[in-house]
Structure formats: C-alpha cells, structure tokens
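Residue numbers (the working numbering): -7 to 327.
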C-alpha cells in the first residue's frame, strides 16, 4: 500500500506542477516555459518579473493553501459526521466566515478591493475564524442531544448555510457599490487580487493545523469505526470530535478569508483521494490536498482566461463540476 501511495502522490505532484506551469504561462501576457525558467533564474525582463512574481505566483500560492486547507477540513468533517457529503461549504462553516469577512469589508473605508486597507486585510482571517467558529458553535449546540447525531449535524448545518447566505444577501442591500463589489468577490469565491500578503497571513495557520491533523490522524481513523468501538479503544469521542471540528473550522475560515466561500472543494479532494489510497488519513490528507490544489488552480486558470478580460469567480467554475459530482454521490448513497 505504501508503494501505491508513493506512486499516486508522485503522479499527482507531477500533474500539479504541470497545472502550475499552465497557470504561470497562460494569460493576457503569454509566456512559454523557457521564459518562465529564465525569469525564475533572474534573467527575465520587468514585465515578465512583474507578471510572475507579483501577479501569478502569489495567486497560485494562495490557491495551493486554500486547496490543501479545504480538502483537509473536508476529510475531518466527513469522519466526525460519518457522512460522505460533509464539507465546509455545505454545512454553513464557510458561510459563517464569509458573513464575518463581508462585515469587515463593509466597515472598511476602501471603495475597491485593490485599495483595501492593510488593517482590514490582516483582520479578515481573524474575523473569518471568529465567524466560522460562531457558526460551528451554533450548529454543534443545536445538534447536541445526549451526544452528536451525524445526520442531525448535517441537516442543521445545511439549514444554517441557507440562513447565513440569506443574511449575507440582505446585508448586501445596505452596501455601497464599491463595498458590494468586494463582498460579491467573497460570496462567489474568487482569487482575484491575491497577494503575497494574503499568502503569508494564512500560511502559518494552514501549515500548523494540517500538520497537527496529520499527527493526530489515527484518532480520525478510530472515529471512522464508530463511537462505541472508538470508546472501547480508549478514545474520548465527544472531546476528540470537538477538537477536530475546531481544526476544520479554522482551516475553512482561513481559506474563506482570502478566497471567499468556495463550495465543493472540500468534497472533491477527499472523495477522489479515498478512492485512490483508501480511508487512512495519514495517506488520505496529503493526496486529497494535492487533488484539491490541482482543481482550484486549474479552475482559476480557466476562470480568468476563457472569457478574458471578464473573469469568472473560481467558486462558480468549481461548482459547475462540484454540483454534478454531489448529485452523483447522493444517487450512489441511495443505491
């Protein structure tokens, strides 16, 4: 199994590198692989250096972090709820973070995304985590009746997601035109305007919590066996479930703070990864991360180029793939 996992990870890494090269080369200013290499070696002209280091590379870096974060959050939620359809964008966690970020945007003095104040930029991840945590606490509290019922948690989460999105829509009606455009970016899910500042803000959060999850991934494997068996093996089920729920919330919130409410990314990676390497989380989390990172970078590349100069939010592009896959999974579960 280790050999198979290694082959899968190498293959996915090669595909990811290929997609990154595509993202670096394709755009309004076209660049071939040789020009990209020369630019990385310091031999590019000013236009090439600006295109690579200031525009495309930070956007790719943010997409990588978002892909790994949301896929890991999806792996966690699917285990603690024992439901294959669980992911941050469906059960209301992303919506809670998005609402908090929209409020930050509305209370800032900037009229457009490109001039969003530095203070607001640093506050967004904190606000996103706070909003996601609050949503998660409400969902968990409403789901708790002498323990957590995974089905009840999913249904309440779906209802919370719908309610929070309705509040966001109502909130938009009070925004100015500039604030509305910024808010729409997060609601739809977009990497437009990503910068190194955004990358370094969420980098430590994503690395720490993904690493922490992998280190304790055996507890997730035990939770997959069922509450009774997990208790028999010495796992404090509710405490462990709450801990991993916090991990998922923080990862989803950090992603939403810089890329908006992107649904289905936390669903696609874990499912495809489970088919490739099985349910053991120490293998599943890295593989799912590679898949989700590849998906978001490819989707973003298509989103900004197909209808150029108009840019489609990456969340919409991913949903075009995610919705049919979600329906397929529901039909498969029914069978």
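The C-beta atom is built at its ideal place from N, Cα and C for all residues, glycine as well.
Contact check for residue 289 against residue 52 passes: the beta carbons are separated by less than 7 Å. Of the residues assessed, residue 55 falls on the buried side of the cut-off, its CB having 16 or more other CB atoms within 10 angstroms. Distance between residue 80 and residue 238, taken at the CA atoms: about 12 Å. Comparing alpha carbon positions, the residue from 243, 24, 311 closest to residue 86 is 243.
Judged by DSSP secondary structure, residue 236 falls within the alpha helix (DSSP H) whose first and last residues are 229 to 251. In the same chain as residue 2, and ignoring 5 residues on each side of it, no C-beta atom comes closer than 6 Å to its own. Inter-segment contact for the segment 136 to 152 and the segment 270 to 281 is absent: fewer than three beta-carbon pairs are separated by less than 8 Å. DSSP places residue 64 in the uninterrupted alpha helix (DSSP H) bounded by 49 to 73. Counting of Cβ neighbours within 10 angstroms places residue 93 among the buried residues, the total reaching 16 or more. Excluding its 5 nearest sequence neighbours in each direction, residue 210 has no C-beta neighbour in its own chain below 6 Å.
For the set 20, 72, 236, 258, the Cα lying nearest the Cα of residue 286 is the one of 258. Taking 7 Å as the cut-off, the beta carbon of residue 233 is found no closer than this to the beta carbon of residue 83. Taken in chain order, no unbroken stretch of beta strand (DSSP E) lies wholly in the segment 240 to 314 with a span of 3 residues or more.
Spatial neighbours of residue 135 in its own chain (CB-CB distance under 7 Å, excluding positions within 5 residues in sequence) are listed in chain order as 141, 144, 145, 148. For residue 23, there is no enclosing alpha helix (DSSP H), since its DSSP letter is neither H nor E. The alpha helix (DSSP H) runs lying completely inside the segment 144 to 222 and spanning 4 residues or more are 169 to 180, 188 to 207, 209 to 215, given in chain order. About 7 Å separates the beta carbons of residue 63 and residue 283, which is inside the 8 Å limit, making them a contact pair. In the DSSP assignment, residue 37 falls outside any alpha helix (DSSP H), carrying neither H nor E.
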